[in-house]
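*Asks:* If you read the protein sequences in the order shown, they are chains H and Y. 1 is the number of the first residue of the first sequence in the numbering used here; add one for each residue after it. 1001 is the number of the first residue of the second sequence in the numbering used here; add one for each residue after it. Virtual Cβ for every residue (Gly too), placed ideally from N, Cα, C. It should be emphasised that the depicted structure is a prediction, and the values quoted were computed from it without experimental measurement. Submitted below is the structure of interest, expressed as structure tokens.
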Amino acid sequence: MELVCPAGNLPSLKAAVDNGANAVYLGFRDDTNARHFAGLNFDAKRATEGIRYAHAKGARVFLALNTFPQPAGWLRWQAAVEQAASLGVDALICADIGVMAYARAQAPELDIHLSVQGSATSAEAITFYYEHFGIKRAVLPRVLSLKQLDRVAGKSPVPIEVFGFGSLCVMVEGRCLLSSYVTGKSPNTFGACSPAASVCWNQTTDGLESRLGGVLIDRYASGERAGYPTLCKGRFEVDGNIGYALEEPVSLNTLELLPQLQRMGIAAIKIEGRQRSPAYVSQVTRVWRAALDSCARDPDRFAPQAAWLSALQSVSEGAQTTFGAYHRPWQ
Amino acid sequence: MFQIEPPGSRLLQGLSQHALASLLNRIFDTALSAGELDFLHDRRLCVVVADSGPSFCVSLRRNRLIVTPSTADWDLRITDHSYDFLLLAARREDADTLFFQRRLVSEGDTELGLHLKNFLDAQDVTTLPYARPMAGALTGLIRLLVRFVPSHHRLRT
């Protein structure tokens, strides 16, 4: 299985490649990708250098163009496709069918991967994208159980990429509008669940409070591990009880599921975290490279090493790691 | 919370604000010329080293980084222990990790903090001025301070 790692900047790209990533994914410095934050991502100069670096070491570069253009912004997505083609990336990760159609027509040399934001949860949906846009790979949303994943992967006309590690998105990706209720901006069009300008952290006598768009979404007690200030991971009062009404701030970790994913024929494991630093990318890539190599050698006797698990636990968002939807027997 | 006694703190206290400003301007010379630090223009970033006392503000004026004594009217305040600041400077720990673990405290303008974090992460430390002596000094200081840090906060190597 291929290891696909995040790069929010050039040092992270180099860290991923140096620690054994088979491919890195990155975005441009605007709302054409789903990690749209000030100072993050690549301008043309740094992208050129990054692509050269990755290619020289045998790693591929994917460009995330995975938000949904609105009428007034279409030219930015069009320009991004053209720039990606002239820079020589290996693939575009797209969610919007207009962007895919444009890329297919204007830059047929670029592979198209269906983004997790495309939210395809059936082999039939993947087949549709394959037949109409010639996608070469599909990244599945983190909502499928292992049983469901097996069924989709078995019938998919293209290789499947799944998320292996990182902060968890709990809603149906590409269709989540939650944060727009308090920020006025949707992650699908603006490229961020919690636009930084809408986020406020405040230390009070009751604890560390996080607010999104002025709305209190969590209050962490002293010493309690914190998470990203997204609405889905906030604590709310429901029927007189305060708790995580939607999902807890946890990180996905599928290390233990690797043999099963390998047996299903999953083509690639994706690591979340373009917003994280080069230190995170190094730490996580190193662990996953070792784990994937170990699993490839002998899947029947594969067991995650304690040091791998504790390294991943230490960089995780929130208090714990989870199998996410992969382990939902009822689904 | 934990207390680290002497070594790093003395060094930080000894480094005058003027010297720190000179060092920062030299290190980020290329970024300053490219306007990459414009987001700090007339904004006050207050840095508080929790275990050793010194705190100071950094700002950008006339395209130069200036360091001043800390004031109450900061736009962004970052608080952590010297060991963690050294880990961040040495690229050995991730700021979000420290934040999740409630070690690094960021208050004020979140977007300014995020921009600062992303700016620093994007720097290729191997090509910055003083890269080699800085790396050596950071490694030495981290080694020196690690014995004063609780084991669960020590970086795994």
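1) Between the stretch 1076-1104 of chain Y and chain H, which residues of the former have CB atoms less than 7 angstroms from a CB of the latter, in chain order?
2) Measure the beta-carbon distance from residue 370 of chain H to residue 285 of chain H and round it to whole angstroms, keeping in mind my assumption that it falls under 8 angstroms.
3) Just to confirm my understanding: we take residue 308 of chain H, look at its own chain, exclude 5 residues before and 5 after, and list those with CB closer than 8 angstroms. What are they?
4) State buried or exposed for residue 77 of chain H, treating a residue as buried only when at least 16 other CB atoms are found within 10 Å of its CB.
5) Strictly under 9 angstroms for the Cβ-Cβ distance: is residue 315 of chain H near chain Y by that measure?
6) So for residue 40 of chain H, helix, strand or coil by DSSP?
7) I believe residue 1121 of chain Y touches residue 187 of chain H by the beta-carbon criterion, under 8 angstroms. Please report the beta-carbon distance rounded to the nearest angstrom.
8) Ignoring anything shorter than 3 residues, give me the beta strand (DSSP E) runs that lie fully in the stretch 102-164 of chain H, in order along the chain.
9) Using a C-beta to C-beta distance shorter than 9 angstroms, which residues of chain Y count as neighbours of residue 33 of chain H?
10) Could you tell me if residue 185 of chain H is buried or exposed, where buried requires 16 or more neighbouring beta carbons within 10 angstroms of its beta carbon?
11) Beta carbon of residue 93 of chain H, beta carbon of residue 62 of chain H: below 9 angstroms?
12) Counting Cβ pairs, one atom from each stretch, are 3 or more of them under 8 angstroms apart for the stretch 111-124 of chain H and the stretch 150-160 of chain H?
13) Name the chain Y residues that come within less than 8 angstroms of residue 22 of chain H, Cβ to Cβ?
14) Can you grab the Cα-Cα spacing for the pair residue 1029 of chain Y / residue 1126 of chain Y, in whole Å?
15) Output, in chain order, the set of chain H residues within a Cβ distance shorter than 7 angstroms of residue 1110 of chain Y.
16) Give, in chain order, every unbroken run of the alpha helix (DSSP H) that is at least 4 residues long and sits entirely within the stretch 168-196 of chain H.
17) Using a Cβ-Cβ cutoff of less than 7 angstroms, which residues in the same chain neighbour residue 206 of chain H once the five nearest sequence positions on both sides are dropped?
18) Can a CB atom of chain H be found closer than 9 angstroms to the CB of residue 1115 of chain Y?
19) Whole beta strand (DSSP E) runs in the stretch 6-80 of chain H with 3 or more residues, listed along the chain?
20) For residue 278 of chain H, return the contacting residues in chain Y, with the cut-off set at a CB-CB distance below 7 angstroms.
21) Please report the distance separating the alpha-carbon of residue 236 of chain H from that of residue 167 of chain H.
22) Using a Cβ cut-off of 9 angstroms (strictly closer), state whether residue 1149 of chain Y contacts chain H.
23) What does the alpha-carbon distance come out to for the pair residue 215 of chain H and residue 250 of chain H?
24) I need the straight-line Cα distance from residue 181 of chain H to residue 144 of chain H, nearest angstrom please.
25) Identify the continuous alpha helix (DSSP H) that holds residue 297 of chain H and give its terminal residues.
26) Compare the C-beta of residue 223 of chain H against all C-beta atoms of chain Y and say whether one is closer than 9 angstroms.
27) Using a Cβ-based criterion (distance less than 8 angstroms to any ligand heavy atom), does residue 286 of chain H qualify as near the ligand SAM?
28) State the Cα-Cα distance for the pair residue 263 of chain H and residue 326 of chain H, rounded to the nearest angstrom.
29) Give me the Cβ distance between residue 964 of chain Y and residue 1065 of chain Y, rounded to the nearest whole Å; I'm assuming they're in contact under 8 angstroms.
30) Hey, quick one: how far does the alpha helix (DSSP H) through residue 1085 of chain Y stretch, first residue to last?
31) By Cβ distance, which residues of its chain are closer than 6 angstroms to residue 159 of chain H, with the 5 residues on each side in sequence left out?
32) State the DSSP-derived secondary structure class of residue 1056 of chain Y, mapped to helix, strand or coil.
*Replies:* In short, the structure shows the following:
1) So the list reads 1091, 1092, 1093, 1094, 1095, 1096, 1097, 1099, 1100, 1101 and 1102, given in the order they occur along the chain.
2) Look at the range of chain H in this structure, 1 to 331, and you will see that residue 370 of chain H is not part of it.
3) Taking the first sequence and counting its residues from 1, one reaches residue 308 of chain H at position 308. The answer, listed in chain order, is 255, 287, 290 and 291.
4) The residue labelled residue 77 of chain H in the question sits at position 77 within the first sequence. Residue 77 of chain H comes out buried.
5) The count along the first sequence starts at 1 and reaches residue 315 of chain H at position 315. Taking Cβ atoms only, chain Y reaches closer than 9 angstroms to residue 315 of chain H, which makes this a yes.
6) The count along the first sequence starts at 1 and reaches residue 40 of chain H at position 40. Note: residue 40 of chain H maps to coil in three-state DSSP.
7) As a first step, residue 1121 of chain Y is located in the second sequence; it is residue number 121 there, counting from the start. As a first step, residue 187 of chain H is located in the first sequence; it is residue number 187 there, counting from the start. That pair is no contact at about 22 angstroms.
8) 111-114 and 137-139
9) Here residue 33 of chain H is taken as the residue at index 33 of the first sequence, counted from 1. For residue 33 of chain H, there are no neighbours in chain Y by C-beta distance under 9 angstroms, as the nearest C-beta there is about 14 angstroms away.
10) Numbered from 1 along the first sequence, position 185 holds the residue referred to as residue 185 of chain H. Classification of residue 185 of chain H: buried, given that the 10 Å Cβ count is 16 or more.
11) Locating residue 93 of chain H in the first sequence gives position 93, counting from the first residue. Locating residue 62 of chain H in the first sequence gives position 62, counting from the first residue. The answer is yes: Cβ separation under 9 angstroms.
12) yes
13) Here residue 22 of chain H corresponds to residue number 22 of the first sequence, with the count starting at 1. The premise fails here: residue 22 of chain H is roughly 22 angstroms from chain Y at the closest Cβ pair, so nothing lies under 8 angstroms.
14) Numbered from 1 along the second sequence, position 29 holds the residue referred to as residue 1029 of chain Y. Numbered from 1 along the second sequence, position 126 holds the residue referred to as residue 1126 of chain Y. Whole-angstrom Cα-Cα distance: 14 angstroms.
15) Within the second sequence, the letter at position 110 stands for residue 1110 of chain Y. What residue 1110 of chain Y touches in chain H: 196, 199, 200 and 201.
16) 180-183 and 187-190
17) Counting from one through the first sequence, the residue named residue 206 of chain H turns up at place 206. Listed in chain order, the non-local C-beta contacts of residue 206 of chain H below 7 angstroms within the same chain comprise 219, local neighbours out to five positions each way being set aside.
18) To locate residue 1115 of chain Y, count along the second sequence from 1; it is residue 115. Under the Cβ distance rule, residue 1115 of chain Y counts among the residues neighbouring chain H, one pair being separated by less than 9 angstroms.
19) 23-26 and 60-65
20) What you label residue 278 of chain H is simply residue 278 of the first sequence in a count that begins at 1. Ordered by position in chain Y, the residues that pass the 7 angstroms Cβ test against residue 278 of chain H are 1091 and 1121.
21) Translated into positions along the first sequence, residue 236 of chain H becomes position 236. Translated into positions along the first sequence, residue 167 of chain H becomes position 167. Spanning the two alpha carbons is a distance of roughly 20 angstroms.
22) In the second sequence, residue 1149 of chain Y corresponds to position 149, counting from 1. For residue 1149 of chain Y, the answer is no, since every Cβ of chain H falls outside 9 angstroms of its Cβ.
23) Position 215 of the first sequence, counting from 1, holds the residue named residue 215 of chain H. Position 250 of the first sequence, counting from 1, holds the residue named residue 250 of chain H. Annotation: residue 215 of chain H to residue 250 of chain H spans about 21 angstroms, alpha carbon to alpha carbon.
24) Mapped onto the first sequence, residue 181 of chain H falls at position 181. Mapped onto the first sequence, residue 144 of chain H falls at position 144. Cα to Cα, residue 181 of chain H sits roughly 26 angstroms from residue 144 of chain H.
25) In the first sequence, the residue the question calls residue 297 of chain H occupies position 297. 278-297 is the extent of the alpha helix (DSSP H) around residue 297 of chain H.
26) The count along the first sequence starts at 1 and reaches residue 223 of chain H at position 223. Answer yes: the Cβ-Cβ gap between residue 223 of chain H and chain Y drops below 9 angstroms somewhere.
27) Only the bare structure without any ligand can be found here, which leaves the ligand SAM out of the picture.
28) Position 263 of the first sequence, counted from the start, is the residue given in the question as residue 263 of chain H. Position 326 of the first sequence, counted from the start, is the residue given in the question as residue 326 of chain H. Cα to Cα, residue 263 of chain H sits roughly 15 angstroms from residue 326 of chain H.
29) As shown, chain Y starts at 1001 and ends at 1157. That puts residue 964 of chain Y outside it, with no answer to give.
30) Position 85 of the second sequence, counting from 1, holds the residue named residue 1085 of chain Y. The continuous alpha helix (DSSP H) containing residue 1085 of chain Y extends over residues 1082-1089.
31) One-based indexing of the first sequence puts residue 159 of chain H at position 159. The answer, listed in chain order, is 137 and 267.
32) For this step, residue 1056 of chain Y is matched to residue 56 along the second sequence. Three-state DSSP puts residue 1056 of chain Y in a strand.
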